[in-house]
Amino acid sequence: MKIKSVDLRHMHTTALMRRCLFMLILVLVMTACSQRKGYVIGVSQCSEDIWRDKLNDELRMGTYLFDNVELRIASANDDDQRQIAQIDSLVASGIDLLFVSPNQMNTVSEAIDRAYDRGIPVIYFDRKTNSDKYTAFIGADNYAIGRTMGHYLATQLGGKGRVVEITGLKDSSPAIERHRGFTDELKAYPGIRLVCVSHGSWTRKSGEQAMNEILSQTDDFDCVFAQNDRMVDGARDVMSRKAAGRKVTYIGVDALPMPDGGMHRVKDGTMLASYLYPTRGDLVMQLAMNILEGKPYKRENYLQSAIVTPDNVDAMLMQADEMAQQRDRLEVLHKQVDRYLVQYNHQKVFLLLSSIIIALLIVFFIYIYRTIIMKRRLAEETVNAKLQFFTNVSHEFRTPLTLIADPVDRLLADPKTSEEQRRLLQLVRKNVSMMLRLVGEILDFRKVQNGKMNVEASSFDLAAGLREWTGNFGPVAQKKHIAMNTSMPETLVVCTDRNKVERICYNLMSNAMKYTPEGGCINVSLAGGEGGSFTLAVADTGIGIPADKLPHVFDRFYQVKHGSGGTGIGLALVKSFVDLLGGTVRVNSSEGRGAEFVVSLPAAKPSAKENQAQSGPEPDRLAEEYIAADSIDAADAPNSRADIMTSPDDDGEREEILVVDDNDDMRKYIGTLLSDRYNVSYASNGREGLDKAVSEVPGLIVCDVMMPEMDGLEMCRRIKTTTATSHIPVILLTANAMDTQRADGYDCGADAYIVKPFSGKVLTARVRNLIESRRQLKNIYAQGETDEAQPESMDKHFMNEFRAKVNEHLADPELNVETLSAELGLSRVQMYRKVKALTGSTPVELIRITRLKRADKLLKAGGHTVSEVSYEVGFSSPSYFSKCYKDYFGHTPNGK
Ligand code: FRU
Numbered sequence: 002m003k004i005k006s007v008d009l010r011h012m013h014t015t016a017l018m019r020r021c022l023f024m025l026i027l028v029l030v031m032t033a034c035s036q037r038k039g040y041v042i043g044v045s046q047c048s049e050d051i052w053r054d055k056l057n058d059e060l061r062m063g064t065y066l067f068d069n070v071e072l073r074i075a076s077a078n079d080d081d082q083r084q085i086a087q088i089d090s091l092v093a094s095g096i097d098l099l100f101v102s103p104n105q106m107n108t109v110s111e112a113i114d115r116a117y118d119r120g121i122p123v124i125y126f127d128r129k130t131n132s133d134k135y136t137a138f139i140g141a142d143n144y145a146i147g148r149t150m151g152h153y154l155a156t157q158l159g160g161k162g163r164v165v166e167i168t169g170l171k172d173s174s175p176a177i178e179r180h181r182g183f184t185d186e187l188k189a190y191p192g193i194r195l196v197c198v199s200h201g202s203w204t205r206k207s208g209e210q211a212m213n214e215i216l217s218q219t220d221d222f223d224c225v226f227a228q229n230d231r232m233v234d235g236a237r238d239v240m241s242r243k244a245a246g247r248k249v250t251y252i253g254v255d256a257l258p259m260p261d262g263g264m265h266r267v268k269d270g271t272m273l274a275s276y277l278y279p280t281r282g283d284l285v286m287q288l289a290m291n292i293l294e295g296k297p298y299k300r301e302n303y304l305q306s307a308i309v310t311p312d313n314v315d316a317m318l319m320q321a322d323e324m325a326q327q328r329d330r331l332e333v334l335h336k337q338v339d340r341y342l343v344q345y346n347h348q349k350v351f352l353l354l355s356s357i358i359i360a361l362l363i364v365f366f367i368y369i370y371r372t373i374i375m376k377r378r379l380a381e382e383t384v385n386a387k388l389q390f391f392t393n394v395s396h397e398f399r400t401p402l403t404l405i406a407d408p409v410d411r412l413l414a415d416p417k418t419s420e421e422q423r424r425l426l427q428l429v430r431k432n433v434s435m436m437l438r439l440v441g442e443i444l445d446f447r448k449v450q451n452g453k454m455n456v457e458a459s460s461f462d463l464a465a466g467l468r469e470w471t472g473n474f475g476p477v478a479q480k481k482h483i484a485m486n487t488s489m490p491e492t493l494v495v496c497t498d499r500n501k502v503e504r505i506c507y508n509l510m511s512n513a514m515k516y517t518p519e520g521g522c523i524n525v526s527l528a529g530g531e532g533g534s535f536t537l538a539v540a541d542t543g544i545g546i547p548a549d550k551l552p553h554v555f556d557r558f559y560q561v562k563h564g565s566g567g568t569g570i571g572l573a574l575v576k577s578f579v580d581l582l583g584g585t586v587r588v589n590s591s592e593g594r595g596a597e598f599v600v601s602l603p604a605a606k607p608s609a610k611e612n613q614a615q616s617g618p619e620p621d622r623l624a625e626e627y628i629a630a631d632s633i634d635a636a637d638a639p640n641s642r643a644d645i646m647t648s649p650d651d652d653g654e655r656e657e658i659l660v661v662d663d664n665d666d667m668r669k670y671i672g673t674l675l676s677d678r679y680n681v682s683y684a685s686n687g688r689e690g691l692d693k694a695v696s697e698v699p700g701l702i703v704c705d706v707m708m709p710e711m712d713g714l715e716m717c718r719r720i721k722t723t724t725a726t727s728h729i730p731v732i733l734l735t736a737n738a739m740d741t742q743r744a745d746g747y748d749c750g751a752d753a754y755i756v757k758p759f760s761g762k763v764l765t766a767r768v769r770n771l772i773e774s775r776r777q778l779k780n781i782y783a784q785g786e787t788d789e790a791q792p793e794s795m796d797k798h799f800m801n802e803f804r805a806k807v808n809e810h811l812a813d814p815e816l817n818v819e820t821l822s823a824e825l826g827l828s829r830v831q832m833y834r835k836v837k838a839l840t841g842s843t844p845v846e847l848i849r850i851t852r853l854k855r856a857d858k859l860l861k862a863g864g865h866t867v868s869e870v871s872y873e874v875g876f877s878s879p880s881y882f883s884k885c886y887k888d889y890f891g892h893t894p895n896g897k
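Structure, rendered in structure tokens:
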């Protein structure tokens, strides 16, 4: 059972640990999940060049404004097939949105459509396809660019001149739109002739090739319009090589502000103008996020821009420079933020790990702590179980010891006992006393432990007491050839609990006696100390106590292994008593060199009530004190000795007493104690006792508590709740000294509770006392109406009911005991005994008295003849009425 409870505790601890770990994991998971959901954006660039690089940089910076956006950039390097493969793999990687700049109108649209069909939003930027499957477009208006450049060129040439055009990749949307815009615009200037159009593919190299092609057809032109600045560079290279002397102006598109970009070409005059082809990665990102977050957005988004000419190039460069610086600063800031973020994340992980470690440590320490507590509790429980066992055994011992001690006392008191027998009986008595002392020690220890032990202080001469107590050990010491030396003042009056000091002294001396070998010496000393205390020391020249055992000598059941016997409780009791009296006890010892126990106690115990008159018990009667102290409590004690001695036994009839006990000897012994005054009947368990009580309705019941079949408490409860038996006084007799059990006994209605071992005198006194109390009660019940002030009880109720029934049927001459008892639900005998016990009169007498009292009232009221009255109150014959009346009132109904 115990092991089971420990296991449960262990399981509880393990469950606690499991719960902690679960909480930790939960915290980790929650921390991991607390990051906002991120977006993955796929970017499919058709080419690789500085314009694309700028766009990609801006896109990356655009992501800084949003939490948790990941860009996956792929560049096809002007290769359609490559771009198709890249789009497919971006889609397969699980992107949330696709930015795409399709290389050509028709070649890659299928892959883009596939992505769109899978529900991935598609944003075209800068270039388009011929498919309508896109979510939004963002970029410059290339048609407008073509027109702007045509207009500027025409104006610069004064409306007259020859122009050649190098287009971008033939099937790419900007190339088509720019050309359309350019040619449409030139229509307004008939003096301007577009003499040759050659197709490049947006690269410098393609610019060279286109220029070569143009030169192979004509070298008569004033201006070259290439659809981007890179191709202008290629064309100019060719021109400088092949037609160095020709004065040709160049215009392009892109106007990038980098050193080799178009803006610087305009600035240094190598190019007449360029169009600032906007990248605006920030706006592209904003559009993407609007789509992803379900915010409103426009499907077609045209970016505004401007032509860069020598007139505005400085301002444009400044602006570009300013923007570049800001971008750089932003980049630095972002990197810093990134660094802090990394640091923060490291710290978070560190914090988390630290928390986990701390939590684990806490769990670990809790586990260790609980284990220690559990072990301690287990040890405590073991000791308690031992103590409980010894307590139970002690209780069991007390009954047989009583059965020995009390008859021995009776024999010792018998003058017929011979001297020889007396000597033997004294030996028996001495050993019984010793056993009772041991038993008492265990029970006392339990009492101290349960806080039930009181301090009863009285003033006494401790020096005299100590001389007497040590003197008692004289014969033993002599026998063992042990010298006993005492050192104490002539008198030392102290105010403390004499009994407990004696017990302390007794235990220390018997301990010394036990461990001192023949020829040794025991020194007992007493001295008044400072501050109103005294010190009692018992030193021996015995075997001593090893140093490592010293701290345990006062532990319960602890015995230094010397094989000298003992219960291991004596010194523990010393410590308990010393603590109770507010003192200290210590031991000085080393192995082989004896031991000295020193007790210091307050000489006056101001808080304790001093029992002035009390003198200590005779040392040789100490064992008897054990009996007396435990067997009679205040409630059980007879009111006075006079009560016991002088109370009349009975009114002539011998009272019936039922003794219920499962112990045959105990039953017989109680019988012996009571049979000279009472008629005793017996039952050997509660059930039998109850049956006998109901059928015989005895005058008193003496009953054991612990019995098979039905225990004494239950039997008592039933007796007290059964009409026929509720009036019977019950004395519970038990080996249980626990106050709670005593309270249980009273709760069941017991009239007295006597603890075993009890003295025969106390039991007989208690029996007589209860019978006498019952007799006094009879007078109350006998006086007609029951006293209203008397507490409501079954018996009071019964008597009221009895009287009500009698009054109800008073005029009925047929009213008799049979009908009455039947109406009250009792047998004839039960009613007879109960009424007799409660009132001292028989039911018949009570009926007659009630009739006569009523008759008296009627006669006094006048107006009735004697015979009328006699019939009225149920007498069948007026002459018999007159006789009874005279017997009761002493005169006839006529007043004679
Ligand atoms: C960059 C680029 C630019 C041009 C644009 C047209 O890749 O070639 O020079 O203006 O693309 O899409």
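Just so you know, we're using our numbering here: the sequence shown kicks off at 2 and counts up by one. No residue lacks a Cβ here, since even glycine has one placed at the ideal position from N, Cα and C.
In the structure shown, L354 adopts helical secondary structure according to DSSP, grouped into three states. Here the C-alpha atom of Y125 lies approximately 5 Å from the C-alpha atom of F138. Per DSSP, the continuous beta strand (DSSP E) segment holding M485 begins and ends at 484-488. If you draw a 10 Å sphere on the C-beta of H728, you find 16 or more other C-beta atoms in it, and that means buried. By the criterion of a C-beta distance shorter than 8 Å, G270 is surrounded in its chain by P311, once the five residues flanking it on both sides are discounted. The C-beta of A211 has 16 or more other C-beta atoms within 10 Å across all chains shown, which makes the residue buried. Taken atom to atom, the span from the alpha-carbon of D580 to that of A528 is near 19 Å. With 16 or more other Cβ atoms inside 10 Å of its own Cβ, S48 counts as buried. In terms of Cβ geometry, V539 and A513 form a close pair [threshold 7 Å]. Close CB contacts of G826 within its chain, under the 7 Å cut and outside five residues either way in sequence, are with T724 (chain order).
For R163, the beta-bridge partners assigned by DSSP are R194. V123 is not a Cβ neighbour of I85, given a cutoff of 7 Å. Inter-residue distance for R300 and S45 is about 19 Å (C-alpha atoms, whole angstroms). DSSP places Y117 in no beta strand (DSSP E) but in the uninterrupted alpha helix (DSSP H) bounded by 110-118. At least one heavy atom of the ligand FRU is found less than 6 Å from the C-beta of D50. In the three-state reduction of the DSSP assignment, H865 falls in the coil class, being assigned neither a helical nor a strand state. Distances from the CA of F890 to each of V409, G441, A856, D339 were compared; the closest alpha carbon is that of A856. Taking C-beta separations shorter than 7 Å and ignoring five residues to either side along the sequence, the partners of T471 in its chain run M485, T487, M510, V525, following chain order. Of the heavy atoms belonging to the ligand FRU, none sits nearer than 6 Å to the Cβ of R119. By the Cβ rule, the stretch 93-101 does not count as touching the stretch 361-378, because fewer than three pairs are nearer than 8 Å. Within a 10 Å sphere around the beta-carbon of M708 sit 16 or more other beta-carbons, which makes this residue buried. The distance from the Cβ of Y276 to that of M150 is about 6 Å, consistent with a contact at the 8 Å cut-off. Taking L334 as reference, the option from L66, F226, D549 with the minimal CA-CA separation is L66.
Following the DSSP letters along the chain, one finds S794 in no beta strand (DSSP E), marked with neither H nor E.
For Y833, the enclosing alpha helix (DSSP H) begins and ends at 829-840. At least one heavy atom of the ligand FRU sits closer than 6 Å to the Cβ of Y278.
Using a Cβ distance threshold of 7 Å, L318 and M264 count as a contacting pair. For Q87, the enclosing alpha helix (DSSP H) covers residues 81-93. Collapsing the DSSP output to three states places T820 in a helix.
The alpha-carbon separation between S102 and S174 amounts to approximately 10 Å. G584 sits in coil when the DSSP states are folded into three classes, being neither helix nor strand. At a cut-off of 6 Å, the beta-carbon of P122 does not count as near the ligand FRU: no heavy atom of the ligand is closer than that. Closest in C-alpha terms to D230, from the list S217, I215, V706, P258, comes P258.
R594 counts as exposed, since fewer than 16 other C-beta atoms from the protein chains shown sit within 10 angstroms of its C-beta. Secondary structure at Q105: coil, using DSSP grouped into helix, strand and coil. Here Q228 is buried: its Cβ has 16 or more other Cβ atoms, across all protein chains shown, within 10 Å.
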